[in-house]
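Okay, structure first, notes after.
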Amino acid sequence: MLFFNSCRDMFLLIGMANIFATILNWLRDGVVPILKDSKFSELLREAEYYQLLGLIDGIHAVQNKKEGEESDSELTRTDILKCIQSEKVRFRGVNLSGLDLSKLDLSFVDFSYACLRNVFFSRANLHCAKFKDADAEGAIFTMQLCETLLAGANLQSANLQDACLINCSFCQADLRSAHLQNADLTNANLEGAILEGANLKGAKLSNTNLKDANLQRAYLRQVNLRDTHLEGAKLDGANLLGAIR
1 MLFFNSCRDM FLLIGMANIF ATILNWLRDG VVPILKDSKF SELLREAEYY QLLGLIDGIH
61 AVQNKKEGEE SDSELTRTDI LKCIQSEKVR FRGVNLSGLD LSKLDLSFVD FSYACLRNVF
121 FSRANLHCAK FKDADAEGAI FTMQLCETLL AGANLQSANL QDACLINCSF CQADLRSAHL
181 QNADLTNANL EGAILEGANL KGAKLSNTNL KDANLQRAYL RQVNLRDTHL EGAKLDGANL
241 LGAIR
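full-length UniProt numbering applies: residue 1 is where the sequence shown begins, and numbers increase by one.
What follows is the structure, given as structure tokens:
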């Protein structure tokens, strides 16, 4: 049994566990996730200590890419806060790359065709938002996305871990190497989506439409596929250890 001298000690231990979980994920799939700067610093420190040269290079590459895209953003968080006071908010085709839009109420906002690379949507309310054909590579979407439209969106390496994705539409979306661990995809439509190398460990796929989806080399451990529609789906090389079929 572990005993903690203070709450601070407990949170430090939890934080270190999260960092090492990130390292283990990188060792498995080679993908460096998008994190806050403070978390990147912690991850970089451990990578340097253990001489994980590939991870060090990957962290620097992600940080440099994020810095370059932040400078290209056409609006700031303050601009977004002003805009969302209106009844109908549209950011169609706008470049918002790299912005921190966490904890905002962005429900029903139209982001179709927008450039949203590495945008931080963590804990934002995106209920019924529209991301049709948006470029959201590397974006972080952990929270509420029920009934959100993401058809045709570029979501490569996006973080949707633990997100509520009930009734969402991902038709023809590109979710290569996306993080979908423990995401709730109940009744979601992913017909024709590309999920090659995506991590769906523990995801809820009840009545999920994965017809003609590309799930090659996807990570589907401990997933219940009994009520999932997989007609025409490609599962070559997928990790199905412990999956229920």
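Where a beta carbon is used, it is the ideal one built from N, C-alpha and C, also for glycine.
Residues bridged to residue i (per DSSP)
i: Asp105; result: Asn125
i: Cys164; result: Gln144, Asp184
i: Leu149; result: Lys130, Ser169
i: Ile194; result: Asp174, Asn214
i: Ile244; result: Asn224
i: Tyr219; result: Asn199, Asn239
i: Asp110; result: Arg90, Lys130
i: Phe120; result: Asp100, Ile140
i: Asn154; result: Asp135, Asp174
i: Asn189; result: Ser169, Asn209
i: Asn95; result: Cys115
Own chain residues within Cβ distance below 6 Å of residue i, not counting five before or after
i: Cys115; result: Asn95, Ser97, Asp135
i: Glu231; result: Lys211
i: Asp29; result: none
i: Phe120; result: Asp100, Ser102, Ile140
i: Arg92; result: Asp110, Ser112, Tyr113
i: Leu241; result: Arg221
i: Arg8; result: In this prediction, Arg8 scores a pLDDT of 42, lower than 50, which makes its location untrustworthy; the coordinate-derived value is nonetheless stated afterwards. Closer than 6 Å at Cβ, skipping near neighbours: no residue.
i: Thr148; result: Leu126, Ala129, Cys168
i: Asp37; result: none
Own chain residues within Cβ distance below 7 Å of residue i, not counting five before or after
i: Asn159; result: Pro33, Ile34, Ile140, Phe141, Thr142, His179
i: Lys103; result: Arg123, Ala124
i: Ser63; result: Per the sequence shown, the amino acid found at residue 63 is Gln instead of Ser. These residues qualify, in order along the chain: Phe40.
i: Asn214; result: Ile194, Leu195, Glu196, Lys234
i: Glu46; result: Ile19, Ile23
i: Leu26; result: According to the sequence shown, residue 26 is Trp rather than Leu. Cβ within range, chain order: Val32, Leu55.
i: Leu106; result: Ile84, Ala124, Asn125, Leu126, Ala129
i: Glu48; result: Ile56
i: Ile59; result: Val32, Phe40, Leu43, Leu44, Ala47
Beta-carbon separation (whole angstroms), residue i vs residue j, contact threshold 8 Å
i: Ser122; j: Val31; result: Actually they do not touch by this definition, with Cβ atoms about 18 Å apart.
i: Leu126; j: Leu155; result: The Cβ separation is near 13 Å, so there is no contact.
i: Gly237; j: Gln216; result: 5 Å
i: Gln181; j: Cys164; result: Contact flag wrong, Cβ pair sits at about 14 Å.
i: Ala188; j: Asn167; result: 7 Å
i: Ile19; j: Glu42; result: 5 Å
i: Tyr219; j: Lys201; result: 5 Å
Cβ neighbours of residue i in the same chain (closer than 8 Å, five flanking residues each side left out)
i: residue 247; result: Because the chain is modelled from 1 through 245, residue 247 falls outside the range shown and cannot be assessed.
i: Ser157; result: Val31, Pro33, Ile34, Glu137, Gly138, Arg176, Ser177, Ala178, His179
i: Ala61; result: Val32
i: Cys146; result: His127, Cys128, Cys164, Leu165, Ile166, Asn167, Cys168
i: His229; result: Asn207, Thr208, Asn209, Leu210, Lys211
Heavy atom of the ligand FAD within 7 Å of residue i beta-carbon
i: Gly192; result: This structure simply doesn't include the ligand FAD, nor any ligand for that matter.
Quiz prompt | Segment contact, 8 Å Cβ cut-off, at least three pairs: the segment 38-56 with the segment 71-83 | solution = no
Practice problem: Give a yes or no on contact between the segment 122-130 and the segment 169-177, applying the rule of three or more CB pairs nearer than 8 Å. | Solution: no
Quiz item: Where in the segment 22-82 do unbroken runs of the alpha helix (DSSP H), each at least 4 residues long, occur, reported from the N-terminal end onward?
Solution: 37-49, 53-70
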